[in-house]
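Chemist: If you scroll down you'll find the structure; I have some questions about it.
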Amino acid sequence: MMKHTLLAIGALLCLGVLAPAPVQAKPHADKAAQKEAKKDAKAKQPKQKGKAGAVAAVLKELTYVTDARPNLKAKQYKYMQSATWCRFCNLKMPDMVKGYPEMRKQGIEIILISADDTVEKAKAFMEKYNAPFPCVMRNSPGVDKLPSYRNAGGNLPDVFTVAADGTLLHDGSMMRGRKD
């Protein structure tokens, strides 16, 4: 008997006789419900790392190789790790110098982080290209506290783009993988 009942129920379900009435949504949800849905969606979005101005707070404390100082109100920062002996760094510097005024207008600040072993070499490198952006030594106190910066060792030139709050936007060597 049970077997016959289950077969009958199955047949009625297939035919749609026992299907529940469709639930009809309200054509327009009320405004309070819409606000609540937006609030829930916003709460589910990933939070950004860092605090507003986290990069600027560290940049204020650094010792610079040249007289150039960073724009502490920039929207983004490009940390460019570079050295005088690096062939690709020497190839990239003219482009960075040439593009700097436009980047600065867009709210992007370049910070050159020198991998050279002396301040004199770093200063000479900046003077050689008439670089208008600030330069710090890679191993000087406080550089390791720059949000989203990592000392990449042999990857030169290496560029990290970060938001003003320190959130990493791009990480990578422009010449990574080259063997020549």
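Basically our numbering = 1-based index in the sequence shown + 194. Think of the CB as a built atom: it goes at the ideal place given N, C-alpha and C, for glycine as much as any other residue.
For Ser342 and Gly336, what's the separation of their Cα atoms in angstroms?
Modeler: Ser342 and Gly336 have their C-alpha atoms spaced approximately 13 Å apart.
Chemist: Can you give the Cα-Cα distance for Gly366 and Asn284, rounded to whole angstroms?
Modeler: Cα atoms of Gly366 and Asn284: separation of roughly 17 Å, rounded to the nearest angstrom.
Chemist: Please report the straight-line C-alpha distance between Lys267 and Val291, rounded to a whole angstrom.
Modeler: Within the model, the alpha-carbon separation for Lys267 versus Val291 is close to 20 Å.
Chemist: Enumerate in chain order the residues of its own chain whose CB-to-CB distance from Phe319 is below 6 Å, with the five nearest sequence positions on each side excluded.
Modeler: Thr278
Chemist: For Glu314, does the count of other Cβ atoms within 10 angstroms reach 16, so buried, or fall short, so exposed?
Modeler: exposed
Chemist: Does DSSP classify Gly244 as helix, strand or coil?
Modeler: Its pLDDT being 45, under 50, Gly244 is placed unreliably by the model, and the measurement read from it follows with that caveat. Here Gly244 sits in coil by DSSP.
Chemist: Can you give me the Cβ contacts of Met297 inside the same chain, cut-off strictly under 7 Å, excluding the 5 residues immediately before and after it?
Modeler: Ile304
Chemist: If the criterion is Cβ atoms closer than 9 Å, does the pair Ile302 and Lys254 meet it?
Modeler: No, Cβ-Cβ distance for Ile302 and Lys254 is not below 9 Å.
Chemist: For Gly293, count the other beta carbons within 10 Å of its own beta carbon; 16 or more makes it buried, fewer makes it exposed. Which is it?
Modeler: exposed
Chemist: Measure the beta-carbon distance from Cys329 to Val252 and round it to whole angstroms, keeping in mind my assumption that it falls under 8 Å.
Modeler: About 15 Å; that fails the 8 Å criterion.
Chemist: Starting from Lys322, trace the alpha helix (DSSP H) in both directions and tell me its first and last residue.
Modeler: For Lys322, the enclosing alpha helix (DSSP H) starts and ends at Val313 to Lys322.
Chemist: Provide the residue span of the alpha helix (DSSP H) that contains Tyr294, from first to last.
Modeler: Arg281 to Lys299
Chemist: Cβ atoms of Arg332 and Glu357: under 9 Å apart, would you say?
Modeler: Note that residue 357 is Ala in the sequence shown, not Glu. For Ala357 and Arg332, no; Cβs fall outside 9 Å.
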